[in-house]
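Heads up, the sequence shown is in this note's numbering, so the first residue is 13 and it goes up one at a time.
By construction, the Cβ of each residue, glycine as well, lies at the ideal position given by its N, Cα and C atoms.
Please read the structure below before turning to the comments.
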Amino acid sequence: MLIIQPTIDGSFTFYSNEFEQAFHSLSGAKEESQKKFVEPCLLVEKAAKNSSLHILDICYGLGYNSAAALEAIWKVNPQCHVSIVALELDETVAKEALKQGLMEIWTETIVDLLAQLAEDKVVDNDYLKAKLLIGDARATLPRDYRADAIFLDPFSPTKCPQLWTVEFISLLAKCLKSDGLLVTYSCAASVRVAMLEAGLKIGATPNVGRRSPGSVAGHKEVGLLSLSQQEKEHLLTKAAIAYRDPNLQDSKEVIEQRRQQEQQNSNLEPTSHWKKRWIATKGLKSKE
Ligand SMILES: C[S@@+](CC[C@H](N)C(=O)[O-])C[C@H]1O[C@@H](n2cnc3c(N)ncnc32)[C@H](O)[C@@H]1O
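Okay, here's the thing in structure tokens:
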């Protein structure tokens, strides 16, 4: 069941009883799409220079990330041709968001286009070619798509580890153009290590409000905001052991058990030690 949830920036999202998690940060759903996804992907800068852009929206949900991308791109370049491939398990989410009026935070043109996408699963006009593929993203991901930007927005790794594995992120890396960027709201060490194991360079996205940074990854280091010393050391703890799903079809439970086993057998530093070290360091600094 989807429960309407207000967020601090005045926009609304849903809470999922099934995943026991909200679809967006409660500090602001609209702000999250704009600041944690669209801005770090440099889509505005790319729109100013390109006549076409390709976006892969993993976990389309209500459609806020695609809406924020279209709004930002067409603001700087109304002639830009945009292609979106959106993957989503549950087709009722986008329809329900439209029905409940939650999409009204976006411009009318965009709401109309995304309403067509939710209904027909395809939009094909002069400026937008979009497809909404319903099913498990591990199966529906088009292996031959090449994106300028990939939004990776599943529920958190503990709720939906299937979409945070080395194997799935490796598939995403293949879908990224040589100068494309993959962004996510998560700064989990397991996610960042999965990106590194997929052969990508990683960086942090700027903090939004008082929230932790997210992550951005690409084939090149260019333009990536480097990780702080604290973040780098986080990647050397047990929390950094990545989720694995060798055949891209295991259940959440199997993927979790596999990781727990690997953590038990690991000699890496316990993450609680890293945390204590950094709390102590911060305490010292604040008194200096
Ligand atoms: C955090 S929400 C995404 C919010 C969305 N990006 C937005 O802007 O509204 C996570 C979404 O992942 C979807 N999901 C869960 N498991 C999935 C899977 N295996 N494949 C594709 N989508 C999945 C959920 O139905 C939910 O809509």
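Runs of the beta strand (DSSP E) spanning 3 or more residues and lying entirely within the segment 209-256 occur at 213-216, 227-230, in chain order. Per DSSP, reduced to three states, the secondary structure at K58 is helical. For M13, the CB contacts under 7 Å within the same chain, skipping 5 residues up- and downstream, are N29 in chain order. In this chain, A149 is not harboured by any beta strand (DSSP E); it is covered by the alpha helix (DSSP H) spanning 149-152. Ranked by Cα distance from Q269, the first of Q174, S240, L247, K141 is Q174.
In the DSSP annotation of this structure, the continuous segment of the alpha helix (DSSP H) that includes S182 starts and ends at 178-186.
Annotation: L110 is outside any beta strand (DSSP E); the continuous alpha helix (DSSP H) that includes it extends over 104-111. For S278, no beta strand (DSSP E) segment is defined, and its DSSP state is neither H nor E. Around the beta-carbon of H285, fewer than 16 other beta-carbon atoms lie within 10 Å, marking it exposed. With respect to K42, T19 sits close: the two C-beta atoms are nearer than 9 Å.
Taken through DSSP and simplified to helix, strand or coil, Y76 comes out as helix. C-alpha of A79 to C-alpha of I117: approximately 10 Å in a straight line.
Nearest to S39 by alpha-carbon distance, out of P169, N219, D257, is N219. By the criterion of a C-beta distance shorter than 7 Å, F31 is surrounded in its chain by F167, K171, C172, once the five residues flanking it on both sides are discounted. Within its own chain, the residues whose Cβ lies closer than 7 Å to the Cβ of A210, once the five positions on either side in sequence are excluded, are V178, I181, S182, A185, listed in chain order. When DSSP states are grouped into helix, strand and coil, I20 belongs to the coil group. Counted as a single uninterrupted DSSP element, the stretch harbouring V50 is not any alpha helix (DSSP H), since DSSP gives it neither H nor E. Residue burial is scored here from C-beta neighbours: K58 has at least 16 other C-beta atoms within 10 angstroms and is therefore classed as buried. Residue state for S198 is assigned as coil, using DSSP reduced to three classes. The segment 119-161 contains, as complete alpha helix (DSSP H) runs of 4+ residues, the segments 120-132, 149-152 (chain order).
9 Å or more divides the Cβ of A206 from the Cβ of L68. Looking only at S240, T119, L125, the smallest Cα-Cα distance to A201 is reached by S240. Taking C-beta atoms under 8 Å as the contact rule, G75 and A109 qualify, at a distance of about 7 Å.
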